[in-house]
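Below: one structure, written as structure tokens.
2 protein chains.
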Amino acid sequence: MTYCVGLLLHKGLVMVGDTRTNAGVDNIATFRKLQIFEVPGERVIAIATAGNLAVTQAVVNHMLEGLPGTDGEIQTLYTVPSMFEMAQFAGRAVRTVRERDAEALAQDGNGFDCALLVAGQIGERRLRLFMVYRAGNFLESTEDTPFLQIGEHKYGKPIIDRSVTFHTPLEEALKIALISMDSTIRSNLAVGMPLDAMVLPRDALACTVNVRITESDPYFGHVRDSWSNALREAHLSIPNPPYGY
Amino acid sequence: MTYCVGLLLHKGLVMVGDTRTNAGVDNIATFRKLQIFEVPGERVIAIATAGNLAVTQAVVNHMLEGLPGTDGEIQTLYTVPSMFEMAQFAGRAVRTVRERDAEALAQDGNGFDCALLVAGQIGERRLRLFMVYRAGNFLESTEDTPFLQIGEHKYGKPIIDRSVTFHTPLEEALKIALISMDSTIRSNLAVGMPLDAMVLPRDALACTVNVRITESDPYFGHVRDSWSNALREAHLSIPNPPYGY
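The listed protein sequences derive, respectively, from chains A and B.
Position 170 of the first sequence, counted from 1, bears residue number 170 in full-length UniProt numbering, the numbering being contiguous throughout.
Position 136 of the second sequence, counted from 1, bears residue number 136 in full-length UniProt numbering, the numbering being contiguous throughout.
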């Protein structure tokens, strides 16, 4: 399992991903789900992946090693000229792996399973955030719905639903994304530490945060404890129900 | 969809269920999911249901109209002598419907889908809470895990995970269950008002709360607003992340 969230806000992009993979509950490992490809001043591309690890690794490899573009020229994520084309390019990478592996996976009783968040900015073009489905199609985050999630999205969604708007400051959004991640980790063993987090201000073309957050990270520990205490105080501050005979 | 939660605590039982059913998003209706069968002083049985409404209605009907027990005698939920036998009885009702309907449902492309919470107390026997699966098997809530959920359980689980222990007072547990329900309603359109809620103190053999909570209920409105505000204050009270260059 996996949980990754991307928030495309007025001031920029925030992304957080966990690192736990599992094949059953008895085969657990750590793999980076959120990968940042940064050419400072030219482009910053963030790719978060969920689903079958063999599939998602192959998809990212195709994006790095290159695939033919619509004109037959080989493109990589360092040469694709716009984020809209990047989303299509990621979709083609998904379809390339699908054509190669889906039938064999099905014969083995497994579905072809992957989802990607593809976000970033290229030159003076717009900062954008897309979610690419396993069919290779995609949708885009907008001002009305400024975040997208992949993987185990439900446990961590209520806090984002209630707390984030398009105008939430980046630092606050990162904090909320970490709270959302903590809620998910507590409820689903298949999502786990360490975390990877990034912040990319709009038009900066360089990350201001690109960090691995481990179990011993003091700030994340503080978030966990503070949030638990604050939730407890929050529900204690609400009076008990008046129902009853 | 549905969300129902049952909490079996030191002092008694709390159950809350929503009432929304949907066949697709364009066919939405209101049906009671949490049903209370009370013979004051003798037994109180609470049944919450999730899944295919035709299946769950048939299951509850079989429990009311009667099914042969292990000795061939017809039993109903008013005659089953213990809660352990009640869970088995509910399982037999599920299997009866399954034998009748599962093949036809499968031919129509639908799985046989249902889950029940079966809880209550009979005479001087223990107050108990069971979850009955669609296969008719079941598990029981224990002191370590004093709550069980059916239906859309993920959105509302973090608040219960963090706030409820076996020793949480009943009124507080009802409040937390309502917060859990509110979180779910906000994130999933297929879970909706009104709600049904009950509280059954241990050894009381009569509910102290058995209430329908509508959209206009002032307490539930207060819970919604207070919780939103409290969450906002809670995350604002945590400092912003120290990461960054």
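The beta-carbon is built from N, C-alpha and C at its ideal position, and this holds for glycine as well.
Note that this is a predicted model, so its numbers are computed, not measured.
query: Is it buried or exposed for Glu-152/B, if we count other Cβ within 10 angstroms and need 16 for buried?; result: buried
query: For Val-44/B, does the three-state DSSP call read helix, strand or coil?; result: strand
query: Take Phe-89/B and list the residues in its own chain whose beta-carbon comes closer than 8 Å to its own, dropping the five residues that flank it on each side.; result: Met-63, Leu-67, Gly-69, Gln-75, Leu-77, Val-80
query: I'd like to know whether the C-beta of Arg-98/B is nearer than 9 Å to at least one C-beta of chain A.; result: no
query: Leaving out five residues on either side along the sequence, give the residues of the same chain with a beta carbon under 8 Å from the beta carbon of Arg-43/A.; result: Phe-37, Tyr-78, Gly-120, Gln-121, Ile-122, Gly-123, Leu-205
query: Could you give the distance in angstroms between the alpha-carbon of Gln-149/A and the alpha-carbon of Leu-127/B?; result: 41 Å
query: Going by CA-CA distance only, name the one from Ala-23/A, Asp-18/A, Asn-22/A, Glu-73/A that's closest to Ile-47/A.; result: Asp-18/A
query: So, under 8 Å CB-CB, Phe-138/B and Gly-6/B are touching, yes? Tell me the CB distance rounded to an integer number of Å.; result: With a Cβ gap of about 13 Å, Phe-138/B and Gly-6/B do not count as contacting.
query: In chain order, what residues of the same chain lie with their CB nearer than 7 Å to the CB of residue 252/B, ignoring the 5 residues before and after it?; result: With chain B covering only 1 through 245, there is no way to say anything about residue 252/B.
query: Sorry if obvious, but does the Cβ on Thr-145/B come closer than 8 Å to a heavy atom of the ligand PLP?; result: This structure does not include the ligand PLP; it has no bound ligands of any sort.
query: Can you list, in chain order, the residues of its chain whose CB lies under 7 Å from that of Leu-170/B, leaving out five sequence neighbours each side?; result: Leu-9, Lys-11, Gly-12, Val-14, Val-199, Pro-201
query: Quickly, what does DSSP pair Gly-24/B with across the bridge? List them, please.; result: Per DSSP, none; premise fails for Gly-24/B.
query: Against chain A, with Cβ distances strictly below 9 Å, would Leu-8/B count as a contact?; result: no
query: Please check the pair Ile-179/A and His-235/B, which I expect to be a contact at CB under 8 Å, by giving their CB distance rounded to whole angstroms.; result: 6 Å
query: Cβ of His-222/B less than 9 Å from any chain A Cβ?; result: yes
query: Residues of the segment 183-212 of chain A in Cβ contact with chain B at a cutoff of 9 Å, in chain order, please.; result: Ser-183, Thr-184, Arg-186, Ser-187, Asn-188, Ala-197, Val-199, Ala-206, Cys-207, Thr-208, Val-209, Asn-210, Val-211
query: Can you find at least 3 beta carbon pairs, one from the segment 204-219 of chain A and one from the segment 206-226 of chain B, that sit closer than 8 Å?; result: no
query: Along chain B, in chain order, which residues have C-beta atoms closer than 7 Å to that of Asn-240/A?; result: Glu-171, Glu-172, Lys-175
query: Would DSSP call Asp-182/B helix, strand or coil?; result: helix
query: What does the alpha-carbon distance come out to for the pair Phe-112/B and Gln-35/B?; result: 22 Å
query: At which residues does the beta strand (DSSP E) containing Val-164/A begin and terminate?; result: Taken as a continuous stretch (DSSP letters only), Val-164/A belongs to no beta strand (DSSP E), as it is neither H nor E.
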